[in-house]
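Here is the structure we will look at, set down as structure tokens.
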Amino acid sequence: MFETLTPQAPDKILQLIGLFNADPRPGKVDLGVGVYKNAEGVTPVMRAVRAAEKLIWDTETTKTYTQMAGEPAFHAAMAELVLGKDYPKDRLAALQTVGGTGAVRMAFEIGRMANPGTTVWVCDPTWPNHLTILDFMKLPRKGYRYFDAATRSVAFDAMIEDLQAVQKGDLVLLHGCCHNPTGANLTLEQWAAVADLLAQKGAVPMIDLAYQGFGDGLEEDAAGTRLIASRLPEVLIASSCSKNFGIYRERTGCLLVLGDTATRAVTQNTLGFLNRQTYSFAPDHGARVVTTVLTDPALRKEWEEELEEVRTGMLSLRGQLADELRRLTNSDRFDFLARHRGMFSRLGATPAQVETMRADSAVYMVGDSRMNIAGLNTNSVPVLARAIVKAGV
Ligand code: PMP
């Protein structure tokens, strides 16, 4: 029967990694894959994570199963991180998931269980996995305009215009911060306008929060999510610990579901059911590390400090790149790079220009011209700036 299977579309980023690895040119620059790298090109184990792992190693006495929806201590620590200290406990159900991707998938699953007729509204562009997961699940989806190619900022009027067509019970997917792939984000005023519109339509916001702490700070990056959570009766939040804890391969994420007090218990029960039907228990190690880091004051301080180093490091690379391009082009047309937030910026180059940068300058970025800013260091910023100008972007 396996002869009926056909190859799936190749992952563009994995293809790019293959090309990059095969390139013999010294000084090649990898801006493709979406992981944080320090100035040495290393994705380090964070100091507080290592210390928490040691603590767990020293104190853990059993590896028996935990709870189907995950540990309540992890739920509480994540809810506080995402929603703040005064989060509404009586309205919150939570699920420990296999990474942020697992949280996204389970959000779609519970959305469909609650409303089989739901359509999912997705920003254009978005993280490609959103689209492939929805298509694989055969969930109807519609796009809303998000990015203005000319200014490289949010096309807010177009976004609001498109979201006028949202129906009651539809899910509207929003990136909580550090939009992937563009780097362009909503202002708090714009979040408020989206909240009003979705409340008026009876739609359910689903926030994908994969980069909290990578943009303007831990609290600031959660501000839009918190605003939505305070104004809408029902909200889904898929939070990833991969980036801000640097624990990509530990597969740690959390789905938070806000509803009303009366439905909380059944929602919590349904979340556990979803884990059970899919893989039973989510992996424990990463979630235990996160809980330990967040609840131990010394480890938390250490983690916040290192995360801040990561964040400000990326911001200064953005500033340096924008400055260099201003100098080379005698114009401010690349200043958007300093205004974008998070790991990514969409440069706005054509596929041909992206290919020119690869062929002529050994600069690798995804075909839609998404650049991973963390792939840069102070030496490669001028290389990239020259490549951008040379390719005629
Ligand atoms: N959402 C977005 C927008 C992402 O960019 C990512 C990571 N690439 C994720 C979710 C999920 O990441 P993970 O499953 O590795 O936690």
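Here the sequence shown stands for residues 23 to 415, numbered as in this note's numbering.
Quick reminder that beta carbons are idealized off the backbone N, C-alpha and C, glycines included.
None of the values given here were measured: they were computed from a predicted structure.
Among the candidates the options, whose CA atom is the shortest distance from the CA of residue i?
i: T283; options: Q222, R113, M228, E272; result: R113
i: L398; options: D52, R167, K34; result: D52
i: V257; options: G237, L280, S264; result: L280
i: Q222; options: P404, L359, I182, M90; result: I182
i: L350; options: R363, T313, Q375, A407; result: A407
i: P94; options: D382, M379, R253, D306; result: D306
i: G122; options: L208, M228, A409, W79; result: M228
i: K160; options: A172, S175, G139, P404; result: G139
i: Y87; options: T314, M379, S302; result: S302
i: A320; options: N137, N60, L77, I259; result: L77
i: N207; options: L240, G294, F169; result: F169
i: A174; options: K59, A409, D390; result: Per the sequence shown, residue 174 should be read as Arg rather than Ala. Minimum Cα distance to R174 is reached at D390.
i: R253; options: D243, D218, A31, A225; result: D218
i: Y109; options: Q186, R47, A244; result: A244
i: V332; options: W149, M379, F236; result: F236
i: R134; options: L293, I410, L329; result: L293
i: P6; options: N352, K111, D33; result: As displayed, the chain neither begins before 23 nor continues past 415, which places residue 6 out of reach and without an answer.
i: I259; options: L210, V216, V104, S402; result: V104
i: I375; options: G414, A116, T83; result: The sequence given here has Gln at residue 375, not Ile. Ranking G414, A116, T83 by Cα distance to Q375 puts G414 first.
i: I132; options: T65, G63, T300; result: T300
i: S402; options: E377, D80, G63, I250; result: G63
i: C199; options: Q186, R248, A187, V226; result: R248
i: T65; options: N266, A98, E377; result: N266
i: L316; options: P404, V71, Q89; result: V71
i: T81; options: I250, T378, V311, L369; result: V311
i: D230; options: T209, C263, A214, A215; result: C263
i: V226; options: L359, T26, V188, H201; result: V188
Leaving out five residues before and five after residue i in sequence, what residues of the same chain have Cβ atoms less than 7 Å from its Cβ?
i: V67; result: G268
i: T119; result: A125, M128, G275, C276, L277, A304
i: R380; result: Y386
i: A214; result: L249
i: S338; result: none
Considering only heavy atoms of the ligand PMP, does any lie closer than 7 Å to the CB of residue i?
i: H197; result: yes
i: V126; result: yes
i: A215; result: no
i: Y270; result: yes
i: A232; result: yes
i: W149; result: yes
i: G122; result: yes
i: G275; result: yes
i: N202; result: yes
i: G56; result: yes
i: S262; result: yes
Does DSSP classify residue i as helix, strand or coil?
i: R340; result: helix
i: P227; result: strand
i: T28; result: coil
i: V64; result: coil
i: S264; result: coil
i: D112; result: helix
i: Q436; result: Look at the range of the chain in this structure, 23 to 415, and you will see that residue 436 is not part of it.
i: S1; result: Absent from the structure is residue 1, since the part of the chain shown begins at 23 and ends at 415.
i: W143; result: strand
i: S302; result: coil
i: G275; result: strand
i: D52; result: strand
i: I259; result: strand
i: K164; result: strand
i: V405; result: helix
i: H197; result: strand
i: R174; result: coil
i: Y386; result: strand
i: L103; result: helix
i: R380; result: helix
Since residue i and residue j should fall inside the 8 Å C-beta cutoff, what is the C-beta to C-beta distance between them, to a whole number of angstroms?
i: F366; j: P203; result: 5 Å
i: G23; j: S261; result: It should be noted that the sequence gives Met, not Gly, for residue 23. The pair is not a contact, with the Cβ atoms about 39 Å apart (cut-off 8 Å).
i: N394; j: G56; result: 6 Å
i: T400; j: F96; result: 38 Å between Cβ atoms; not a contact.
i: Y233; j: G364; result: 5 Å
i: A409; j: G49; result: Not confirmed; about 11 Å, so no contact.
i: G239; j: H362; result: Incorrect: roughly 16 Å between the Cβ atoms, too far for contact.
i: E324; j: R69; result: 6 Å
Suppose the cutoff is 8 Å on Cβ atoms and the five residues either side in sequence are ignored; what does the same chain contact list for residue i look like?
i: V144; result: H152, L153, L156, R163, K164, G165, Y166, L195
i: A177; result: R167, Y168, F169, D170
i: G54; result: I35, L38, I39, F42, Y386, M387, V388, N394, G397
Can you list, in chain order, the residues of its chain whose CB lies under 6 Å from that of residue i, leaving out five sequence neighbours each side?
i: F356; result: A344, L347
i: G224; result: K190
i: E272; result: H307, G308
i: A115; result: V279, R286, T289, Q290, L293
i: M90; result: G294, N297, R298
Tell me, please, whether the CB atom of residue i is closer than 8 Å to any CB atom in chain C?
i: G49; result: Protein chains in the displayed structure number just one, and chain C is not present.
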